[in-house]
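Before any comments, here is the structure.
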Amino acid sequence: MASIHKDYANRQEAGLRLAEEIAATNQPFDLIVAVPRGGVEVAAPIAQRLKNPLALISPRKLAMPHQAEVAIGAIGPDGSFLLDESLIAHYGISREYIDAEKKRQLAEMERRRRDYPFPLTPDQAKGRRLLLVDDGVATGFTLRAAIATLQAYGPAYLAVALPVGPADTLSLLRHAVDRVHCPLVPEPFYAVGAYYEDFGQTSDETVRALLTGVNGCNA
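Residue numbers (the working numbering): 22 to 240.
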């Protein structure tokens with residue numbers, strides 16, 4: 022594999038760069054919506070730059086058996102789900118496994134709703150201009166689950182901001198939202214973390230601190 026240029030030092034730097042790009046468009050937003058955990062580190066500088074409050078939406082990836090990094094689908098906060106039926110059929114993944122994985126991820130979403138401040142509510146989204154932020158995208162299943170939930174809430178405008186993603190996934194997202202901001206579209210694309218110097222796991226404590234800090238400043 023060829024050497025990959027590390028475009029971002031960390032998620033915070035990615036957020037700062039996205040914030041300047043988005044601010045330059047002069048598009049107004051009412052609310053920034055982050056996908057935890059890593060997406061919160063990217064979203065916080067954007068919310069601070071645009072002087073918007075920050076809320077959470079917590080879709081969850083449905084992982085392949087014994088390969089947690091590979092998505093076979095995703096489940097949204099409202100319980101709706103997307104499945105990669107071709108991948109499931111190719112590997113012969115049982116419906117029993119899929120049902121059990123859904124239950125695991127629903128339990129994790131419930132934990133996050135309890136443990137993290139500022140979860141997004143439908144009333145916050147309805148008729149508002151929203152910017153959905155994550156730390157990158159690969160297959161897009163998790164982000165698409167979040168988008169489906171947000172669109173069901175009836176926003177006036179929905180844009181997505183990502184530091185990095187592959188062209189084919191970004192094309193799918195552009196058909197689902199009003200605008201996609203993604204400054205880095207590598208060809209070939211490897212993995213989201215390959216384009217960061219530091220892509221360590223974001224802690225629950227960091228998520229809580231960033232949410233509280235941003236919303237305290239922008240109150």
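Note that the Cβ used here is the ideal one computed from N, Cα and C, for glycine as well.
At the level of alpha carbons, what is the spacing between residue i and residue j?
i: Glu122; j: Leu83; result: 6 angstroms
i: Lys147; j: Ala177; result: 7 angstroms
i: Glu208; j: Ala55; result: 26 angstroms
i: Val235; j: Ala44; result: 17 angstroms
i: Gly237; j: Phe210; result: 37 angstroms
i: His111; j: Ala169; result: 26 angstroms
i: Asp189; j: Ile67; result: 25 angstroms
i: Gln48; j: Ile114; result: 44 angstroms
i: Ser101; j: Ala197; result: 16 angstroms
i: Ala173; j: Ala166; result: 11 angstroms
i: Met22; j: Gly221; result: At Met22 the pLDDT is 45, less than 50, meaning the model places this residue with poor confidence; the figure from the coordinates comes in the next sentence. Their Cα atoms are separated by approximately 22 angstroms.
i: Thr160; j: Gln88; result: 15 angstroms
i: Glu106; j: Asp28; result: 33 angstroms
i: Gly175; j: Thr46; result: 23 angstroms
Thinking residue i and residue j are a contact (beta carbons under 8 angstroms), I'd like their distance in whole angstroms, please.
i: Ala180; j: Leu152; result: 5 angstroms
i: Ile96; j: Gln126; result: 5 angstroms
i: Tyr118; j: Pro86; result: 6 angstroms
i: Leu231; j: Pro138; result: Between Pro138 and Leu231 the Cβ distance is about 10 angstroms, and since that is not below 8 angstroms, they are no contact.
i: Val206; j: Leu191; result: 6 angstroms
i: Leu77; j: Phe162; result: Their Cβ separation, rounded to whole angstroms, is 18 angstroms, which puts Leu77 and Phe162 out of contact at 8 angstroms.
Going by C-alpha to C-alpha distance, which of the options sits closest to residue i?
i: Asp2; options: Asp156, Phe162 and Leu231; result: This structure gives no information on residue 2, because the portion of the chain shown stretches from 22 to 240.
i: Val201; options: Thr223, Asp225 and Leu164; result: Leu164
i: Asp144; options: Asp51, Thr223 and Glu129; result: Asp51
i: Arg38; options: Arg150, Arg132, Pro204 and Thr227; result: Pro204
i: Asp136; options: Val228, Gly36, Ala169 and Ile25; result: Val228
i: Arg133; options: Lys27, Pro57, Val213 and Leu231; result: Pro57
i: Glu42; options: Ile25, Lys27 and Arg70; result: Arg70
i: Val185; options: His196, Asp225 and Tyr216; result: Tyr216
i: Val158; options: Leu193, Asp120 and Asp99; result: Leu193
i: Lys72; options: Gln88, Ile53 and Ala173; result: Ile53
i: Gly74; options: Arg150, Ala89, Ile25 and Phe162; result: Note that residue 74 is Pro in the sequence shown, not Gly. The option with the nearest alpha carbon to Pro74 is Arg150.
i: Asp225; options: Glu129, Arg195, Ala166 and Val91; result: Glu129
i: Val154; options: Thr160, Ala173, Glu131 and Leu183; result: Leu183
i: Lys124; options: Pro98, Arg195 and Leu108; result: Pro98
i: Gly36; options: His26, Ile25 and Ala65; result: Ala65
The stretch 60-69 in contact with the stretch 29-39 per 3-pair CB rule at 8 angstroms: Contact holds: three or more Cβ-Cβ distances are below 8 angstroms.
Those runs of the beta strand (DSSP E) which lie wholly inside the stretch 101-148 and span at least 3 residues: If one requires a minimum length of 3 residues, the beta strand (DSSP E) runs lying completely within the stretch 101-148 are 102-104, in chain order.
Within the stretch 197-235, ranges of the beta strand (DSSP E) (whole runs, at least 3 residues): Taken in chain order, the complete beta strand (DSSP E) segments of 3 residues or longer contained in the stretch 197-235 are 200-202.
Uninterrupted beta strand (DSSP E) stretches inside the stretch 151-191 (no shorter than 3 residues): Those beta strand (DSSP E) runs which fall completely within the stretch 151-191 and span 3+ residues are 178-182.
Residue ranges of each beta strand (DSSP E) within the stretch 26-72, 3 or longer: Taking only runs of at least 3 residues, the beta strand (DSSP E) segments lying wholly in the stretch 26-72 are 52-55.
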